[in-house]
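The numbering used here puts the sequence shown at residues 134 to 267.
Each residue gets a CB set at the ideal place from its N, CA and C atoms; glycine is no exception.
Here the structure is a predicted model, which means the values were calculated and not measured.
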Amino acid sequence: MCGKSRKSDAKAPARPFDKDVLAKARQAAERYQIVLKYEDDEWYGHGLELPGARGDGKTPAAAVADTREALVTMVAYMLEEGQTIPAPASEGNRSVQINIRVTPEEKTVLESRSRAKGFRGLSDFIRASMLEKA
């Protein structure tokens, strides 16, 4: 996340969300964590559980509010599409580890895709990518 603001990657419908879906989305989005970064006199945020949800603002509070709205929009869209929304990271109890072997070239590609999607680490990217399709 650098330079100019990039809003949520989700494509919001051209119509308002159903009020019940929107209420569920707001409730879920309130439990998600937001990662903030300060750059070029602007605060930028993205969702930890949904890194494609992005926002910005002149203050940390403004960036959090903008990012939270992007999270609400993304969750509402996912709910309307029948997709499973991610559990809040704070609820995860990851106690099992798996290991995979890849070539150096494969690792480079995976790391590049991970960064491009806003993930802080390769493990989070692989887990989210694979569980999203489950």
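Could you name the residues of the same chain whose beta carbon sits closer than 7 Å to that of residue i, not counting the 5 residues immediately before and after it, in chain order?
i, result
"alanine 95", "Outside the displayed range of the chain (134 to 267) lies residue 95, so it cannot be described from this structure."
Residue j and residue i - do their beta-carbons sit closer together than 8 Å?
i, j, result
"tryptophan 176", "leucine 169", "yes"
Given that a residue counts as buried once 16 or more other Cβ atoms are within 10 Å of its Cβ, and exposed if not, what is residue i?
i, result
"serine 245", "exposed"
"methionine 263", "exposed"
"glycine 188", "buried"
"tyrosine 171", "exposed"
"aspartate 151", "exposed"
"isoleucine 218", "buried"
Taking 6 Å as the limit between beta carbons, can you name the residues of its chain near residue i, skipping five residues before and five after?
i, result
"alanine 247", "For the sequence presented, residue 247 should be read as serine rather than alanine. Hits under 6 Å: Leu255 and Phe258."
Closer than 8 Å by C-beta to residue i: which residues in its own chain qualify, once you throw out the five before and the five after it? Chain order, please.
i, result
"leucine 181", "Tyr165, Gln166, Ile167, Val168 and Ala222"
"alanine 198", "Gly188 and Gly190"
Just tell me which of the options has its CA closest to the CA of residue i.
i, options, result
"aspartate 174", "Ala158, Arg159, Thr192 and Gly185", "Thr192"
"leucine 155", "Asn232, Leu212 and Ala186", "Leu212"
Complete runs of the beta strand (DSSP E) confined to the stretch 137-193 [at least 3 residues]:
167-172, 175-180 and 187-190
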